[in-house]
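Asks: Residue numbers (this note's numbering), protein chains in the order written: chain A, 1 to 490; chain B, 491 to 621; chain C, 622 to 1079. Glycine included, C-beta positions come from ideal geometry on N, C-alpha and C. Sharing a structure with you now.
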Amino acid sequence: MRNQQAVQLLSELSQPGRRASTWPDCDVPMPASSSLLPRSCLAEHPPQLPELSEPDVVRHFSNLSTRNMSVDTHMYPLGSCTMKYNPKRHERWAALPGFAHVHPLQSDDTMQGLLQILFELQQMLGEISGLPAVSLQPAAGAQGELAALLVAAAYLADRGEKRHKVLVPDSAHGTNPASARMAGFSTVTVPSTSQGFVDLDQLHRQLDQDVAVVMITNPNTLGLFDPQIQTVSRMVHDVGGLIYLDGANMNAIVGVSRPGDFGADMMHFNPHKTFSGPHGGGGPGAGPICVTHALEPYLPSPVVEYDPSGYRLNFDRPHSVGRVRSFLGNVGVLLRAYAYLRTLGPEGLRRTTEQAVLNANYLLQAISPLLPVPHGPRCMHEFVATAKVIKQERGISAMDIAKRLLDYGFHAPTVYFPLTVPESIMIEPTETESKETLDAFVKVLAKVLQEPDDLLHEAPHSTEISRPDEVRAARNPTVRWQTTPTGNNG
Amino acid sequence: MDPQQLKFSPTHEWVHLSDVGGQRIATVGISAFAIALLTDLVHMELPAVGRAARPGESLGEIESVKAVSDVYSPVEGEVVEVNSGLVGNLEAMGDDPYGKSWIVKIRTTSDAGLDQLMDYATYQAQCATEG
Amino acid sequence: MDYLFDTSGDRQTMLRALGVERVEDLFDGIPSNCRLSSGLKLPAPLGELELQQHLESLAGKNYQAAQHACFLGGGSYDHFVPSVVDSIASRAEFYTSYTPYQPEASQGNLQVMFEYQSLICELTGMDVSNASLYDGASAVAEGVLMCLHAAPRGGTVLVPHTMHPEYREVLATYLKHMQATLRVIDTDMSLLTAAELQRHIGADTCCVVLQQPNFLGQIESLQELADVTHQAGASLVVSCDPLSLGILKRPGDLGADIVVAEGQCLGTPLSAGGPYLGILACRESFLRRMPGRIVGETVDRKGRRCWVLTLQTREQHIRREKATSNICTNQGLLALRAAVYLSVVGGQGLRDVADLATRKAHYAAQQIADCERFEVVGNAPFFKEFVVRDSAGQVDALLSHAASRGFLAGLPLGRWYPQFRDCVLVAVTEKRTRHEIDAWANCLANAPVSRLEVTNNA
Chain A
1 MRNQQAVQLL
11 SELSQPGRRA
21 STWPDCDVPM
31 PASSSLLPRS
41 CLAEHPPQLP
51 ELSEPDVVRH
61 FSNLSTRNMS
71 VDTHMYPLGS
81 CTMKYNPKRH
91 ERWAALPGFA
101 HVHPLQSDDT
111 MQGLLQILFE
121 LQQMLGEISG
131 LPAVSLQPAA
141 GAQGELAALL
151 VAAAYLADRG
161 EKRHKVLVPD
171 SAHGTNPASA
181 RMAGFSTVTV
191 PSTSQGFVDL
201 DQLHRQLDQD
211 VAVVMITNPN
221 TLGLFDPQIQ
231 TVSRMVHDVG
241 GLIYLDGANM
251 NAIVGVSRPG
261 DFGADMMHFN
271 PHKTFSGPHG
281 GGGPGAGPIC
291 VTHALEPYLP
301 SPVVEYDPSG
311 YRLNFDRPHS
321 VGRVRSFLGN
331 VGVLLRAYAY
341 LRTLGPEGLR
351 RTTEQAVLNA
361 NYLLQAISPL
371 LPVPHGPRCM
381 HEFVATAKVI
391 KQERGISAMD
401 IAKRLLDYGF
411 HAPTVYFPLT
421 VPESIMIEPT
431 ETESKETLDA
441 FVKVLAKVLQ
451 EPDDLLHEAP
461 HSTEISRPDE
471 VRAARNPTVR
481 WQTTPTGNNG
Chain B
491 MDPQQLKFSP
501 THEWVHLSDV
511 GGQRIATVGI
521 SAFAIALLTD
531 LVHMELPAVG
541 RAARPGESLG
551 EIESVKAVSD
561 VYSPVEGEVV
571 EVNSGLVGNL
581 EAMGDDPYGK
591 SWIVKIRTTS
601 DAGLDQLMDY
611 ATYQAQCATE
621 G
Chain C
622 MDYLFDTSGD
632 RQTMLRALGV
642 ERVEDLFDGI
652 PSNCRLSSGL
662 KLPAPLGELE
672 LQQHLESLAG
682 KNYQAAQHAC
692 FLGGGSYDHF
702 VPSVVDSIAS
712 RAEFYTSYTP
722 YQPEASQGNL
732 QVMFEYQSLI
742 CELTGMDVSN
752 ASLYDGASAV
762 AEGVLMCLHA
772 APRGGTVLVP
782 HTMHPEYREV
792 LATYLKHMQA
802 TLRVIDTDMS
812 LLTAAELQRH
822 IGADTCCVVL
832 QQPNFLGQIE
842 SLQELADVTH
852 QAGASLVVSC
862 DPLSLGILKR
872 PGDLGADIVV
882 AEGQCLGTPL
892 SAGGPYLGIL
902 ACRESFLRRM
912 PGRIVGETVD
922 RKGRRCWVLT
932 LQTREQHIRR
942 EKATSNICTN
952 QGLLALRAAV
962 YLSVVGGQGL
972 RDVADLATRK
982 AHYAAQQIAD
992 CERFEVVGNA
1002 PFFKEFVVRD
1012 SAGQVDALLS
1022 HAASRGFLAG
1032 LPLGRWYPQF
1042 RDCVLVAVTE
1052 KRTRHEIDAW
1062 ANCLANAPVS
1072 RLEVTNNA
């Protein structure tokens, strides 16, 4: 069944003289560009790209696509990534000519429909977060973190405060400390309690007049809602610091709890997770941020505003931290988020959250007899199991289990994150998996854990490749074709 | 070199002090324990010759596939030689950690940092708690 | 509910298995005073048909390049996208998958990224490329950060003001808290000369950032500027238009150390500005300072050639606060589009597209220059964009007149350059026909001039 040509590279498929595109003759009475431009800037020959026919290209990439697992084809319980179903209708709507062929620098009057959507999305995100001021500009969650920390820095500087520290829990995503550094802060890691919550004693010890921001993921990376969150907020606010909420886990609380209500001053959303944007093989995402009224003047420019004459992009924001991205942000991703929110409405969003949490708890309950879940017995939208015992007893690692699941047609959970749980296996089923699929997943996991050690160490067995040599890839990096595509084929 | 004769830092560097033409030269490497812990080394960044070194300051980095660690200077002085042969041959680093796999030589300019170093037995005891 | 599976029977069975009565009980871990007491105040739900009608009506309010002849550029261009690109990019195995954390389950995406990296290297003349960044603006900023990290004491970053103004703004935002000074060189409406660069460059210069062609469409003398940069011991970052490389020399052959670009023109429609594609490629010596994901070749346990994410120790998930960039994702789907575009169009096709755009732009410039009211500014060589000065000084009225007659006629420069408020930046792609160009020039030539405004501007 497999087409082995798919594993060839474009450079190897290339045959001199093949073409897949024909362009019209020039319809204006102008000489060739070589006589319009100075010779010194002109290339001697066309770019040395592969020479292919259209069927070559289509078959190549179509075959490559079948070498992926995807949400449309497999359960994808990748913890912290919220791999939920991506509604087909969104793809059709994002492709409407009135969205897909709008130029980002058109005047406001000529894109009122688009600006209305962005304005309403700002309002909806403000309502969901409880943080009313919104910037849609950041292109991804990490850029949202950076933008919000820049907002915090500008706000504090305006108040004449010289705070330079950002506190980050040890279980936080790596983008948190990296973003803090880019925003000019030094970072201090705060250990979590054995329950994975913020350690109040440790926090108390670290909190002082130098603390600008405390970055919190709540629900945290263990899938638990921190019951002391309001105490944490109060402690931080008492010393004049701000709370940043990493919104990666919002799928657990949309419609149930609002970050603004439990003390967050700033947060980002990951619409590609929470609001069903497709992940695109690693992107695009978006990272809109929501902040309190006090921080509003510092948001990146422009923001969308409304007055009786219509929707306007406001660039005239003297306190703004500036731009983090060109144009208006990842509008295509934001459009899908808008469509998702309008499709579900307030009740639907709450039911979605409930189902995500129900699915996760149902799975936790069924899995915990097989693999310990140290922070059980309940979770929010995801939970972290550990292979520590089976590693000690049989030498079977979290990675072995993850790889073997692939053989049974399940994408692997996230392994080795968070760093605070040894041999961690982080599972997030999302709300868009059925009970039958969850049951099937548990059954397979139980079976895998009974299988002979060697079978697991060498898994997967049914995929086209197995256990690539990552050491070799990193020691002698080969990151491009080794042959030029044209006239040099073997 | 016999590890029993070396001094060790809490961050897993070893030091050998010798007198070369009236100058005190510290040869620095990382311990067999650290090499084993890092597993599958893939890359190393060495300091430039002539660079100043201070105790506890990073001299360079050593990377495995999924981890990166600093190599800290145990002493104060100036880097006089680096083992550039290591970089292309990291897989062999564990074969002779206390000999061919030395990383830098530092001409020391003070005794700073020396009091933080421990003997082999004490270092082994520290490793036992970390393993 | 369209996206949920549960029947009430399922729900009951699952709750029973958990030993709880109501799904609300699963939220007991959230203190009651952190819970919403009432529902969110959001609009009521809409079914697929209703929402489609709503969105169609909103989309209908936007002017768009499929109906209005588009002469807008400035980093986003109405180029032709072959149908193969849409067809491949809409395969759900690509767009509903995620980051290739499990290489065995993502060889398709990984190979696409490797092909993309290779194509970008061929195109730009650089040694290595990453698997993409957010957009052209953040790619400039990340390129500059690479230079700053390579020169640990920070330094000055030199940028002519003919670099895309929004890219400059993003760069300034990223540099705000770095040990670096951003210095903008005012070149008026002209090219940056080697002598001018020489005047500004110094021992403290970390890097020079150039845009080729620059924001006004003009082709800079890259080689000379590269020489001045390197003589001063600084690095050269070039932000280029990838399509221009169908005819122009590659920045890598002219001395660039890092090449960045906005990749939208490679197979992605205007899309109101995003998602787009940030391209970043560099010389081998910068490989380990590159931000973002990189795919490398290796073999599996049976010796079969395959692809993995590699050099991950550069990235934030390992290096955390010491990482040179906080970037986590790449723009996988947009990089796929670029890879398919370059495969379909090929080297000769890219040359044809660039040649068509150049000739049509020069024709459009000729036509507009024939009108008494307008002047094409400067005499620098240009690719597909040029600047038109309106002697009546009524740019806004001119453009809205043209819009009402079916033309997105150009970008008013005054928003970014108050001193050029009587100027319009015009872009012409291979899609514009002679008929459209003639009609555009005719429309602008016949646009009314209001006497009141003339006096105001005089």
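#1: Mind checking which residues open and close the beta strand (DSSP E) that includes Gln833 (chain C)?
#2: Give the residues of chain B in contact with Arg940 (chain C), contact being defined as C-beta atoms less than 9 Å apart.
#3: Excluding sequence positions up to five away, which residues of its chain have a Cβ less than 6 Å from the Cβ of Ser727 (chain C)?
#4: Quick check on Asp609 (chain B) - is its C-beta less than 8 Å from some C-beta in chain A?
#5: Quick one: is Lys493 (chain A) buried, meaning 16 or more other Cβ sit within 10 Å of its Cβ, or exposed?
#6: Rounded to a whole number of angstroms, what is the C-alpha to C-alpha distance between Pro634 (chain C) and Val357 (chain A)?
#7: Compare the C-beta of Glu568 (chain B) with all C-beta atoms of chain C and state if any pair is closer than 8 Å.
#8: Considering only the alpha carbon of each residue, which of A:His411, A:Val303 and A:Val213 lies closest to Ala152 (chain A)?
#9: Check whether the Cβ atoms of Leu887 (chain C) and Tyr962 (chain C) lie closer than 8 Å to each other.
#10: Can you tell me whether DSSP reads Phe1028 (chain C) as helix, strand or coil?
#11: Quick one: is Asp976 (chain C) buried, meaning 16 or more other Cβ sit within 10 Å of its Cβ, or exposed?
#12: Where does Val357 (chain A) sit, in a helix, a strand or coil, going by DSSP?
#13: Does DSSP put Val961 (chain C) in a helix, a strand or coil?
#14: Hey, which unbroken runs of the beta strand (DSSP E) at 3 residues or more fall wholly within the segment 996-1025 of chain C?
#15: Would Asp530 (chain B) count as contacting chain A if we go by Cβ distances under 8 Å?
#16: Find the residues of chain F that neighbour Glu553 (chain B), judging by a C-beta separation of less than 8 Å, and give them in chain order.
#17: Is His533 (chain B) close to chain A, meaning its C-beta is less than 8 Å from at least one C-beta of that chain?
#18: Answer with yes or no whether the minimum CB distance from Glu91 (chain A) to chain B is below 8 Å.
#19: Using a Cβ-Cβ distance cut-off of 8 Å, determine whether Asn489 (chain A) contacts chain C.
#20: So, at 7 Å on beta carbons, what are the nonlocal neighbours of Ile741 (chain C) in its own chain, with the 5 sequence-adjacent residues on each side left out?
#21: By alpha-carbon positions, which one of A:Ala286, A:Arg351, A:Cys290 and A:Ala385 ends up nearest to Ile128 (chain A)?
#22: Between Ala1048 (chain C) and Tyr698 (chain C), which are expected to be in contact by the criterion C-beta below 8 Å, what is the C-beta distance as a whole number of angstroms?
#23: In its own chain, which residues sit with a C-beta less than 7 Å from the C-beta of Glu817 (chain C), not counting the 5 before and 5 after it?
#24: Residues of the segment 669-681 of chain C with a CB closer than 8 Å to any CB of chain A: list them in chain order, please.
#25: Along the chain, which unbroken stretches of the beta strand (DSSP E) at least 3 residues long are found entirely within the segment 544-576 of chain B?
#26: Check each candidate in A:Asn218, A:Thr217 and A:Val188 and name the one with the smallest Cα separation from His204 (chain A).
#27: Taking all protein chains shown into account, decide if Gly884 (chain C) is buried (16 or more other Cβ within 10 angstroms of its Cβ) or exposed.
#28: Distance cutoff 8 Å, beta carbons only. Does Leu9 (chain A) sit that close to anything in chain C?
#29: Identify the continuous alpha helix (DSSP H) that holds His899 (chain C) and give its terminal residues.
#30: When the Cα atoms are used, what is the spatial distance from Ala1018 (chain C) to Ala1030 (chain C)?
#31: Output needed for Gly409 (chain A): all residues of its chain with C-beta closer than 7 Å, excluding positions within five of it in sequence on either side, in chain order.
#32: Strictly under 8 Å for the Cβ-Cβ distance: is Met75 (chain A) near chain C by that measure?
#33: Take Pro288 (chain A) as the anchor and find which of A:Asn270, A:Gly263, A:Leu49 and A:Asp316 has the nearest alpha-carbon.
#34: Suppose you measure from the CA of Gln937 (chain C) to the CA of Pro302 (chain A); what does that come to, to the nearest Å?
#35: Go ahead and label Asn1077 (chain C) buried or exposed: buried means 16 or more other beta carbons lie within 10 angstroms of its beta carbon, across all protein chains shown.
#36: Taking only runs that begin and end inside the segment 89-124 of chain A, name each unbroken alpha helix (DSSP H) of 4 or more residues, in chain order.
Replies: Per the coordinate set shown:
#1: Gln833 (chain C): member of the beta strand (DSSP E) spanning Thr826 to Gln833, first to last residue.
#2: Near Arg940 (chain C) (Cβ distances below 9 Å), the residues of chain B are Val558.
#3: Its chain contains Pro721 as the residues whose beta carbon lies nearer than 6 Å to that of Ser727 (chain C), once the 5 sequence neighbours on both sides are disregarded; these appear in chain order.
#4: No, its Cβ sits nowhere closer than 8 Å to a Cβ of chain A.
#5: As displayed, chain A neither begins before 1 nor continues past 490, which places residue 493 (chain A) out of reach and without an answer.
#6: At residue 634 (chain C) the sequence reads Thr, which differs from the Pro that was named. Roughly 15 Å separates the two Cα atoms.
#7: Using a CB distance cut-off of 8 Å, Glu568 (chain B) does not count as an interface residue toward chain C.
#8: Taking only the C-alpha atoms, the option nearest Ala152 (chain A) is A:Val213.
#9: Less than 8 Å separates the beta-carbon of Leu887 (chain C) from that of Tyr962 (chain C).
#10: Of the three classes helix, strand and coil, the one that applies to Phe1028 (chain C) here is strand, per DSSP.
#11: Burial call: buried.
#12: Helix, per DSSP.
#13: Here Val961 (chain C) sits in helix by DSSP.
#14: Whole beta strand (DSSP E) segments, 3+ residues: 1006-1011.
#15: It does; some Cβ of chain A falls within 8 Å.
#16: Judged by its chain identifiers, the structure shown contains no chain F, and its protein chains are A, B and C.
#17: It does; some Cβ of chain A falls within 8 Å.
#18: Not one chain B Cβ lies under 8 Å of Glu91 (chain A).
#19: With a pLDDT of 40 at Asn489 (chain A), under the threshold of 50, the modelled position of that residue is not reliable, and the figure given next carries that caveat. Chain C, which has no Cβ nearer than 8 Å to the Cβ of Asn489 (chain A), makes this no.
#20: The answer, listed in chain order, is Ser750, Ile900 and Ala902.
#21: The shortest C-alpha separation from Ile128 (chain A) is found at A:Cys290.
#22: With a beta-carbon spacing of about 6 Å, Ala1048 (chain C) and Tyr698 (chain C) fall inside the 8 Å limit used to define contacts.
#23: Hits under 7 Å: Ile806 and Thr808.
#24: Cβ contacts with chain A come from Glu669, Leu672, Gln673, His675, Leu676, Glu677, Ser678, Leu679, Ala680 and Gly681.
#25: Taking only runs of at least 3 residues, the beta strand (DSSP E) segments lying wholly in the segment 544-576 of chain B are 548-554, 558-562 and 567-572.
#26: If we check each option's Cα against that of His204 (chain A), A:Val188 comes out closest.
#27: The residue in question, Gly884 (chain C), is buried, as its Cβ has 16 or more Cβ neighbours within 10 Å.
#28: Yes, Leu9 (chain A) lies at the interface with chain C (some Cβ there is under 8 Å from its Cβ).
#29: For the sequence presented, residue 899 (chain C) should be read as Gly rather than His. Run containing Gly899 (chain C): none in the alpha helix (DSSP H); it sits in the beta strand (DSSP E), Gly899 to Cys903.
#30: Rounded to the nearest whole angstrom, the C-alpha separation of Ala1018 (chain C) and Ala1030 (chain C) is 12 Å.
#31: The residues are His74.
#32: At a cut-off of 8 Å, the C-beta of Met75 (chain A) has no neighbouring C-beta in chain C.
#33: Put simply, of A:Asn270, A:Gly263, A:Leu49 and A:Asp316 the residue whose alpha carbon is nearest the alpha carbon of Pro288 (chain A) is A:Asn270.
#34: Those two C-alpha atoms are separated by around 28 Å.
#35: For Asn1077 (chain C), the pLDDT reaches just 44, beneath the cut-off of 50, and the residue's location in the model is therefore unreliable, although a value from the coordinates is still provided. Exposed: under 16 other Cβ atoms inside 10 Å.
#36: For the segment 89-124 of chain A, whole alpha helix (DSSP H) runs of length 4 or above, ordered along the chain, are 97-100.
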